[in-house]
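Written below as structure tokens is the structure these notes are about.
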Amino acid sequence: MFEQETIAAIATSSKNGSISVIRVSGENSFSIVSRIFCNEKGTLIDLNEKKSHTIQYGFIFDGSKKIDEVLVLLMKAPKSYTAEDVVEIQCHGGHYICQVILDLLVRHGVRVAEPGEFTKRAFLNGRLDLSQAEAVMDVIQSKSELALFNSMSQLRGSIKNRIQKLREVILEDVAYLEAALDDPEHISLDSFDETIEGHVRALLKDTNHLLENCNNGRIMKEGIQTVIVGKPNVGKSSLLNCLLRENRAIVTNIPGTTRDTLEEDIVIGNILLHLIDTAGIRETENEIESIGIKKTKESLEKADFVIIVLDSSKELSKEDYEILDLCKNSTGVVLVNKSDLQQTLSMQEIRNLSGKDVISFSAAKGDGLDELESYIKRQFIESKIEEKDDLYITNARQKEALVQTKDSLEKVLESIELGMPEDLYAIDLTNAYESLGKIIGETLEEDIINKIFKDFCMGK
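Throughout the sequence shown, residue numbering follows this note's numbering, covering 46 to 505 in sequence.
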């Protein structure tokens, strides 16, 4: 257990609500709160005498002045979020009353916690490993059932358990190798290359599988980057409004109304979609509109899924052909809008031209919306993103550590194939071990750890 100052912070939203929580953690948390926690008559209550994991009713006093009626939750170390003594004061909601109580605690010896400091203490005290600590923020920021399930799995230790098993294999090989190099007379390296090659190939297979799942992990966390693209006035913004079930985007008959990207999140099935309504692509001399078109093309480069919108009441234009060409290598669907009007386009012709499935749609009536949503579900849910039993890395830092692990393991195999001395590839094995350790926080520098926790919210 690390000996540190007692800290406190408001753990609930800064917006007004019915109840707020002030969290206090540290060796002196019980004693400090006892200096301001009283019964109705103003007599101090010694929380050190109370049992852990109980709720105490009373009042916060500043001297003889009654501040608020509260409930106090007591959690003695190590059975708390930080593995320290923790007191949570449940007071009436509202920023002002919380700030008054927090200021009162500071006067009695606590320090206001830095963002993420409670979770950092949980990590330093061994309550969580780094992958679990990072999962805390993912749980808070989850926007879909699938994202929440994956984050909760990681919070329960799914990444930690998997990484520890990989590290154990490497550690055994490194330990044997180093022992044999130190005492070659008594420990043989005969056939060791063959044994370790089998281990490394298995490790590499597992590492590659985790890396392959990273893109699906990103989709779970950030959503399917779904770009709506088309020339001006074909109904892109109307489609966005249909998907959102609200009038989020401005819709007019004037081409070029949307001059910047408009982004919103929706959930279809269990999958989060990050919708990007883009500026219509056309030749223009308007500088602002040109910037919007440039951003449209940049969005297409990063898209997971593209919805190409065409006007079915008109012949294909030069801009339509350009858009279809831009999206020829993208995963997506063609939406032939304005099906409620006289039809000019052939669905089969568009299918042949684009190489994509085509859906008839009417933004004015909402016809085809269910078909579009079902199509998106099939594309992503049936592509195994919804396999809950698998492990999906969603964190860029963790992915980078896996890439480093892969590189080191590949160097080991290369050394074995070239017949290099064992002491040379022992270095790469050790590097792979340390890279995996970065994921769970066992081989990271303190400044990097500090940076990770600074991205957390206050009170967590």
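Quick reminder that beta carbons are idealized off the backbone N, C-alpha and C, glycines included.
| Item | Value |
| --- | --- |
| Answer yes or no: do T439 and R207 have a C-beta to C-beta separation smaller than 8 Å? | no |
| Roughly how many angstroms lie between the CA atoms of E190 and G314, to the nearest whole one? | 9 Å |
| If you follow the alpha helix (DSSP H) that L118 is part of, which residue opens it and which one closes it? | Here L118 belongs to no alpha helix (DSSP H); instead the beta strand (DSSP E) covers 110 to 120. |
| Run the CB neighbour count on P277, radius 10 Å, all protein chains shown included, and call it buried at 16 or more, exposed below. | buried |
| Quick one: residues in its chain with C-beta nearer than 8 Å to the C-beta of V69, no 5 flanking neighbours on either side, listed in chain order? | T51, I52, A53, I77, V78, V131, V132, E133, I134, L150, V155 |
| Please list the segments of the beta strand (DSSP E) lying wholly inside the region 51 to 76, counting only runs of 3 or more residues, in order along the chain. | 52 to 55, 64 to 70 |
| Does K205 pass the burial test, meaning 16 or more other C-beta atoms within 10 Å, or should it be called exposed? | buried |
| To test your reading of the DSSP string, which unbroken alpha helix (DSSP H) runs of 4 or more residues are found completely within the region 175 to 231? | 175 to 186, 190 to 200, 203 to 227 |
| When you compare each of I421, N195, A408, S357 to T271 by their alpha carbons, which one comes out closest? | I421 |
| Looking at the structure shown, is T271 part of a helix, part of a strand, or coil, going by DSSP? | strand |
| Can you tell me whether N278 is helix, strand or coil according to DSSP? | coil |
| Determine the contact status of Q177 and L147, defining contact as a CB-CB distance below 8 Å. | no |
| Using C-beta distances below 6 Å, list every residue in its chain close to H254, excluding the 5 sequence neighbours before and after it, in chain order. | none |
| Grouping DSSP H, G and I as helix and E and B as strand, with all else coil, what is T99? | strand |
| Could you check the C-alpha separation between C372 and Y366 for me, to the nearest Å? | 10 Å |
| Compare the beta carbon distance of A471 and T450 with 8 Å and say whether it is the shorter of the two. | no |
| For L318, is the classification buried or exposed, using 16 other Cβ atoms within 10 angstroms of its Cβ as the cut-off for buried? | buried |
| Using a Cβ-Cβ cut-off of 8 Å (strictly less than) and excluding sequence neighbours within five positions of E462, which residues of its own chain qualify? | none |
| Among residues of its own chain, excluding the 5 on either side of A294, which ones have a beta-carbon nearer than 6 Å to its beta-carbon? | Interpretation of A294 is limited by its pLDDT of 47, a score under 50 that renders its predicted location unreliable; no figure is taken from the coordinates. |
| I believe S203 touches V184 by the beta-carbon criterion, under 8 Å. Please report the beta-carbon distance rounded to the nearest angstrom. | That pair is no contact at about 13 Å. |
| Would you decide whether R246 is buried or exposed? Buried here means 16 or more other CB atoms lie within 10 Å of its CB. | exposed |
| Can you check the region 389 to 419 for any beta strand (DSSP E) of at least 3 residues that lies completely inside it and give the ranges in chain order? | 403 to 405 |
| Pick out whichever of L116, E394, E455, A409 has its Cα sitting closest to the Cα of F511. | This structure cannot speak to residue 511, because the chain is shown only from 46 to 505. |
| Comparing alpha-carbon positions, which option in P123, S358, N73 lies nearest H153? | N73 |
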